[in-house]
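If you read the sequence shown in my numbering, its first letter stands for residue 99, the second for the next number, and so on.
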Amino acid sequence: MGRRAPLTFLLVSMMLACGLSGCLGDDALDLLPEKKGVPGGLTLACLRSSMYTSMVIEIDHEPGYRPFSSSTDMLVDRLEQVCDKPSGISVRFSEVSFNHEGAWSAQDVRDKGWETKDQSPRDGTTLYWQILFPAGTYDSDSVLGVAVDASTVALFSDSIEEADGPFGRPSVEDVENSVLVHEVGHLLGLVNLVYQSPADHEDDEHPGHSNNEDSVMYWAVESSDISNFIFGDLPNEFDADDLADLAGLADGSIAIRDQLWS
Numbered sequence: 099m100g101r102r103a104p105l106t107f108l109l110v111s112m113m114l115a116c117g118l119s120g121c122l123g124d125d126a127l128d129l130l131p132e133k134k135g136v137p138g139g140l141t142l143a144c145l146r147s148s149m150y151t152s153m154v155i156e157i158d159h160e161p162g163y164r165p166f167s168s169s170t171d172m173l174v175d176r177l178e179q180v181c182d183k184p185s186g187i188s189v190r191f192s193e194v195s196f197n198h199e200g201a202w203s204a205q206d207v208r209d210k211g212w213e214t215k216d217q218s219p220r221d222g223t224t225l226y227w228q229i230l231f232p233a234g235t236y237d238s239d240s241v242l243g244v245a246v247d248a249s250t251v252a253l254f255s256d257s258i259e260e261a262d263g264p265f266g267r268p269s270v271e272d273v274e275n276s277v278l279v280h281e282v283g284h285l286l287g288l289v290n291l292v293y294q295s296p297a298d299h300e301d302d303e304h305p306g307h308s309n310n311e312d313s314v315m316y317w318a319v320e321s322s323d324i325s326n327f328i329f330g331d332l333p334n335e336f337d338a339d340d341l342a343d344l345a346g347l348a349d350g351s352i353a354i355r356d357q358l359w360s
C-alpha cells in the first residue's frame, strides 16, 4: 500500500460533517448487552490508576496497513498527558487478516475487533484498548475513523490515501496522526459523550466534537471543510477545554455516566 502518496483533496474524504452516526458508529451511544460499552465507557479506567496501573494499545492491522510510527508515538504521548498509568502505556502490533468483504459497518468493526482482541479490555491491572487498521472503507466512504464501543476504534487507511491536496499538505501521515488521536479522544469521552462539560466547547451542529479549530476534537478534522488546514497544520492535541474536562473527570469534580468501571 502506498502509504506516503499525496492527498487527493486534503480532507474531502474525511467524514462529511462527522456526527454521532459517523466517527462514533451507528449505534455507539447504546450500551451493548455484551458490556462492550459506549465510547467513553472506560474513561475513568484510563484517567485513574486505582484499578488499572498500566495500559496497552493493541494495534491490529492487515498486511501493508501498519500505521506510521509517528501516529502511535503521538498517541502514547497524548495518553500519557492525561491518563494516570504509573506502570506505563505501551503499544503492541499484530498483523491480522480480517477476511472482510465489502464496506465496513460499525457492527462489522465491533465484531471483528472482539474476534481479534488479544485480551479482555480489563485484564487484571492492565487496561487494553484496541485500534484496527483494516483494508477497505467504511460504509460511508467519507469516514476515516470510527469509535464503536468503550475499547475499540478503527481507522480506514484506504480512505485516507484517496485524499490528495494541491500542495501535498497536510500529508497522509499528518492526517493519520490527527485522526488517530481524535478517535481515541472519543474513547476518553470527548466531547460530552459521557459527561457534561462546564465549558461551552461542544459544536452545536456536530455533537461529540469541539467547536475550537485548534483542538484535535474539532469537528472539521473529519469533514470535507478543508479550507482551514490547507496552509496550516492539522490539530493533533487536546485543547485547554478538553484537558480541563479530563482533569475534572479524573478528580470527580465533573460527573460521569455509562462507565464499565469507576
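All C-beta atoms, glycine included, are put in the ideal place defined by N, C-alpha and C.
Worksheet item: Got a sec? Which residues, its chain only, sit under 7 Å from Leu129 by beta carbon, not counting five neighbours each side?
Response: Residue confidence for Leu129 is low, a pLDDT of 42 falling below 50, so the modelled location carries little weight; the figure read from the coordinates is stated next. These residues qualify, in order along the chain: Gly135, Val136 and Asp356.
Practice prompt. Would you verify that the beta carbon of Arg164 is, or is not, closer than 8 Å to some beta carbon of chain B?
Written response: The structure shown has no chain B; it contains just one protein chain.
Item to complete: Determine the direct distance from the alpha carbon of His299 to that of Asp337, and round the result to whole angstroms.
Response: Near 10 Å, if we compare the C-alpha coordinates of His299 and Asp337.
Fill in: Own chain, CB closer than 8 Å to Leu142, minus 5 neighbours either side, in chain order
Excluding positions up to five away in sequence, the list reads Leu347, Ala348, Ile354, Gln357, Trp359 and Ser360.
Discussion item. Looking at the secondary structure, which residues open and close the beta strand (DSSP E) in which Met153 lies?
Written reply: First-last of the beta strand (DSSP E) with Met153: Ser152 to His159.
Item to complete: Just confirm the distance between the C-beta atoms of Tyr170 and Val189, as a whole number of angstroms; I'd bet it's less than 8 Å.
Response: Per the sequence shown, the amino acid found at residue 170 is Thr instead of Tyr. Indeed, because the Cβ distance is near 5 Å, the residues count as touching under 8 Å.
Discussion item. Applying the 10 Å Cβ sphere with the 16-neighbour rule, what's the burial state of Met149?
Written reply: Label assigned to Met149: exposed.
Worksheet item: Starting from Gln205 and walking both ways along the alpha helix (DSSP H), at which residues does that stretch end?
Response: Counting along the chain, the alpha helix (DSSP H) containing Gln205 begins and ends at Ala204 to Thr214.
Worksheet entry | Burial state of Gln228, where buried means 16 or more other Cβ atoms lie within 10 Å | That one is buried.
Discussion item. Rounded to the nearest angstrom, what separates Asn326 and Ser269 at their Cα positions?
Written reply: With a pLDDT of only 48 at Asn326, under 50, the local geometry of the prediction cannot be trusted, and no value is derived from it.
Worksheet item: What are the partner residues of Ser192, as DSSP defines its beta bridges?
Response: BP columns for Ser192 point to Asp158.
Practice prompt. Mind the definition here: the stretch 242 to 252 touches the stretch 272 to 292 only if three or more C-beta pairs lie below 8 Å; say whether that holds.
Written response: Taking 8 Å as the limit for Cβ pairs, the verdict is that the stretch 272 to 292 does touch the stretch 242 to 252.
Item to complete: Could you work out which residue in Tyr163, Ile187 and Glu160 is closest to Cys144 when comparing CA atoms only?
Response: Of the residues Tyr163, Ile187 and Glu160, the one whose Cα lies closest to the Cα of Cys144 is Ile187.
Fill in: Continuous beta strand (DSSP E) assignments of at least 3 residues falling wholly in the stretch 236 to 287
Look at the stretch 236 to 287 and you find these whole runs of beta strand (DSSP E), each 3 residues long or longer: 243 to 245 and 250 to 253.
Worksheet item: DSSP three-state call for Leu177: helix, strand or coil?
Response: DSSP places Leu177 in helix when its eight states are reduced to three.
Item to complete: Quick one: give me the first and last residue of the beta strand (DSSP E) that Leu225 is part of.
Response: Where Leu225 is concerned, the enclosing beta strand (DSSP E) stretches over Thr224 to Phe231.
Worksheet item: How would you write the range of the alpha helix (DSSP H) that Cys144 sits in, first residue to last?
Response: Going by DSSP, Cys144 is part of the alpha helix (DSSP H) stretching over Thr141 to Leu145.
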